[in-house]
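In my numbering, the protein residues as written are 13 to 527.
Everything on this sheet refers to the single structure shown next.
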Amino acid sequence: MLNLSVLLEDGARTTPERDCLVFGDLRLSYALTDMIANQVANLLVQRGVRPGDRVALASPNVPYFPFVYFGALKAGAVVVPLNILLTAREIAYHLEDSGATALFAFAGSPDLPLGERAHAAFSQVDSCRTYIDLPAAAGATESGIEGAQTLWAALDGLPGTFSPVRTDADDTAVVIYTSGTTGTPKGAELSHNNLLFNAVACDTLFGRSPSGHDVFLTVLPLFHIFGQTTMMNLGLYRHGTLVLQPRFDGDEALRLMERERVTIFAGVPTMYWGLLGAKGGHDIDAITAALVTAVSGGSALPGELARKVTERFGVEILEGYGLSETSPVVSFNNPKVKAKTGSIGRPIWGVEMKLVDPGFADIEGEGPGEIAVRGHCVMKGYHGNPEATAQVVRDGWFRTGDIARRDEEGFYFIVDRSKDLIIRGGYNVYPRELEELLMTHPGVSLAAVVGVPHDTHGEEITAFVIREEDSALTEEELVAWSKERLAAYKYPRLVRFRDALPMTATGKILKRELR
13 MLNLSVLLED
23 GARTTPERDC
33 LVFGDLRLSY
43 ALTDMIANQV
53 ANLLVQRGVR
63 PGDRVALASP
73 NVPYFPFVYF
83 GALKAGAVVV
93 PLNILLTARE
103 IAYHLEDSGA
113 TALFAFAGSP
123 DLPLGERAHA
133 AFSQVDSCRT
143 YIDLPAAAGA
153 TESGIEGAQT
163 LWAALDGLPG
173 TFSPVRTDAD
183 DTAVVIYTSG
193 TTGTPKGAEL
203 SHNNLLFNAV
213 ACDTLFGRSP
223 SGHDVFLTVL
233 PLFHIFGQTT
243 MMNLGLYRHG
253 TLVLQPRFDG
263 DEALRLMERE
273 RVTIFAGVPT
283 MYWGLLGAKG
293 GHDIDAITAA
303 LVTAVSGGSA
313 LPGELARKVT
323 ERFGVEILEG
333 YGLSETSPVV
343 SFNNPKVKAK
353 TGSIGRPIWG
363 VEMKLVDPGF
373 ADIEGEGPGE
383 IAVRGHCVMK
393 GYHGNPEATA
403 QVVRDGWFRT
413 GDIARRDEEG
423 FYFIVDRSKD
433 LIIRGGYNVY
443 PRELEELLMT
453 HPGVSLAAVV
463 GVPHDTHGEE
473 ITAFVIREED
483 SALTEEELVA
493 WSKERLAAYK
503 YPRLVRFRDA
513 LPMTATGKIL
523 KRELR
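The structure is reproduced here in structure tokens:
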């Protein structure tokens, strides 16, 4: 038997009075958080949710997320976290595809009307029988959505104790949907074993506070597997405190890091860029004195950005690598052994990596080739889609779609996503190499490179750039500067300056929109 809810329950037994969740001025102990999760489990059983049923959860980083997540797991259900930026049509697709029988959705706010979208989607899906409103106002018993019941009204009078349903280690615990950047979103089935092992593996890799009590700034979206594993699940495994930040803002992140003496921060590269650009007056010395570990993942970390962060905050960013289908962590730069700037590190304990060609044949030596992964982290498969599973999994090896090289010590270096590869005039051009170079220009703050259709060359290289503040850099100057430093087929012929770049809810740059 194994149920991932043991992460919360163990903290409630061992450190019941310790702060489990911090949200604004609200501080919730482990005992209280576990009690509310127990009430959610009782609610689900009352509403006819059976072990193995899917429970969808659409919520930003607020206390409702762990309440419902662990309550559903206690009831033996499978959690289906939903991206809070999905449209009503997209939410309906996820409910239909997963077979969800219940939906918990945050009511939202004027700038994030999530509840309206979620309820509209719920109304379209007959198989989804229960809708619970997670109200913006703490403790609210009346919903602003017609026909909906708030969580607090639904929990009223329910017991705060619950005996978790027996689940096997290989039972599905969570269905994480891919972003759908290359087609229809697919639900990766992750087991209790997948998720627990990945959190434990991260525990061996992330530094610890000398005090023995770690504080995690949880700004990575919890509906994404990166945030779930490296922040929420690892944080609870360590009996740490999760400081919840619903939406990333550099100044607010630094304020919370200073106030709560945050020891662990994990983010995507654009979040580190946002920390550097924060304008408020912050006690950087206090922040750096507490900060033990800084982790980057989600997309390639430019070397110049890593250098600037280390220079300002006095901590080396440790880069790791993973995917939704791998729970997510596959490799990491283990500071206890060795770390290499620009590398995604070496495979974590219990995981194997190799390079393969388009036919799935092994590539020896440096590569490049597509990364394939095998081990405890690999998903069970795509929900209800054996054909898609067979395309990416063979003999237990999962092919990632990421192109990498490796050195003689076994460190892997991402070259680029295979789908981002630009073929100009028959030559392969990897955008990451160009982005790394552009970021070293003193007038460039952030850069993203894509290929756009071209009549004679097939694709032309285009750079989208955010200038440094007060920079007067021109398109012609940047093209000429790049031409001096790159082979003739590589340098960007087109430069487009922007005040901002489109990003996903997790902070990844949306290259498909740039194209």
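Note that beta-carbon positions come from the ideal geometry of N, C-alpha and C, so glycine has one too.
Every value quoted in this text rests on a predicted model; they were computed, and no experiment measured them.
Taking residue i as part of the alpha helix (DSSP H), name the residues at either end of that continuous run.
{"i": "Y81", "result": "76 to 86"}
{"i": "P281", "result": "281 to 288"}
{"i": "R444", "result": "443 to 450"}
{"i": "H294", "result": "It is not in any alpha helix (DSSP H) - H294 carries neither H nor E in the DSSP assignment."}
{"i": "I96", "result": "Careful: I96 lies outside any alpha helix (DSSP H) and carries neither H nor E."}
{"i": "Y249", "result": "246 to 249"}
Is it true that the CB of residue j sits closer than 9 Å to the CB of residue i?
{"i": "I144", "j": "L55", "result": "yes"}
{"i": "G437", "j": "Y501", "result": "yes"}
{"i": "K520", "j": "V462", "result": "no"}
{"i": "C389", "j": "G334", "result": "yes"}
{"i": "A119", "j": "P75", "result": "no"}
{"i": "D343", "j": "V363", "result": "The question names Asp, but residue 343 in the sequence shown is Ser. Against a cut-off of 9 Å, the Cβ pair of V363 and S343 comes out as a contact."}
{"i": "A84", "j": "L69", "result": "yes"}
{"i": "H395", "j": "T27", "result": "no"}
{"i": "R386", "j": "F423", "result": "no"}
{"i": "L506", "j": "T474", "result": "yes"}
{"i": "P340", "j": "F209", "result": "no"}
{"i": "G262", "j": "G289", "result": "yes"}
{"i": "P514", "j": "E496", "result": "no"}
{"i": "L268", "j": "L229", "result": "yes"}
{"i": "A213", "j": "I360", "result": "yes"}
{"i": "G286", "j": "A265", "result": "yes"}
{"i": "A117", "j": "S71", "result": "yes"}
{"i": "S457", "j": "I478", "result": "yes"}
{"i": "P281", "j": "L330", "result": "no"}
{"i": "Y42", "j": "M244", "result": "no"}
{"i": "V67", "j": "L115", "result": "yes"}
{"i": "E382", "j": "I415", "result": "yes"}
Which residue wins for smallest C-alpha separation from residue i, given the options the options?
{"i": "E378", "options": "L44, R418, P176", "result": "R418"}
{"i": "S223", "options": "C140, T190, F209, R273", "result": "R273"}
{"i": "K86", "options": "S110, A312, I48, I103", "result": "I48"}
{"i": "S17", "options": "D467, G172, L38, P176", "result": "P176"}
{"i": "V307", "options": "T338, N345, D46", "result": "N345"}
{"i": "L256", "options": "N440, L33, A499", "result": "L33"}
{"i": "I299", "options": "F238, V227, V363", "result": "V227"}
{"i": "T468", "options": "K495, I435, V507", "result": "I435"}
{"i": "T275", "options": "L485, I296, G219", "result": "G219"}
{"i": "A132", "options": "E154, A150, A160", "result": "A160"}
{"i": "P171", "options": "V57, M243, G413, R267", "result": "V57"}
{"i": "L14", "options": "R510, F77, G88, D123", "result": "G88"}
{"i": "F425", "options": "S311, K392, A373, E480", "result": "S311"}
{"i": "L44", "options": "G169, N245, F79, A53", "result": "F79"}
{"i": "A278", "options": "G292, E29, V321", "result": "V321"}
Since residue i and residue j should fall inside the 8 Å C-beta cutoff, what is the C-beta to C-beta distance between them, to a whole number of angstroms?
{"i": "G315", "j": "G354", "result": "5 Å"}
{"i": "D65", "j": "T113", "result": "5 Å"}
{"i": "L20", "j": "L163", "result": "The pair is not a contact, with the Cβ atoms about 17 Å apart (cut-off 8 Å)."}
{"i": "F427", "j": "Y439", "result": "For clarity, residue 427 is Val in the given sequence; the question names Phe instead. Contact doesn't hold; Cβ gap of about 14 Å is too wide."}
Between which two residues does the beta strand (DSSP E) holding residue i run?
{"i": "T113", "result": "112 to 118"}
{"i": "R508", "result": "506 to 509"}
{"i": "Y333", "result": "329 to 334"}
{"i": "W409", "result": "409 to 418"}
{"i": "V34", "result": "31 to 35"}
{"i": "G381", "result": "381 to 387"}
{"i": "A312", "result": "Neither: A312 is in no beta strand (DSSP E) and is coded neither H nor E."}
{"i": "F228", "result": "227 to 230"}
{"i": "F235", "result": "Here F235 belongs to no beta strand (DSSP E), and DSSP marks it neither H nor E."}
{"i": "F476", "result": "470 to 479"}
Notebook entry, point to check: Is the stretch 95 to 110 close to the stretch 131 to 149, with three or more CB pairs under 8 Å?
Noted result: With the cut-off at 8 Å, the stretch 95 to 110 and the stretch 131 to 149 touch.
Check: Between the stretch 226 to 240 and the stretch 78 to 95, are three or more C-beta pairs nearer than 8 Å?
Finding: Here the stretch 226 to 240 lies against the stretch 78 to 95, with 3 or more beta-carbon pairs under 8 Å apart.
Margin query: Would the stretch 483 to 491 count as touching the stretch 450 to 465 if we require 3 or more Cβ pairs under 8 Å?
Written below: For the pair of segments examined, the stretch 483 to 491 was found to touch the stretch 450 to 465: the number of CB pairs separated by less than 8 Å reaches three.
Notebook entry, point to check: Between the stretch 167 to 185 and the stretch 198 to 206, are three or more C-beta pairs nearer than 8 Å?
Noted result: With a cut-off of 8 Å, the stretch 198 to 206 and the stretch 167 to 185 count as touching, because enough Cβ pairs lie within range.
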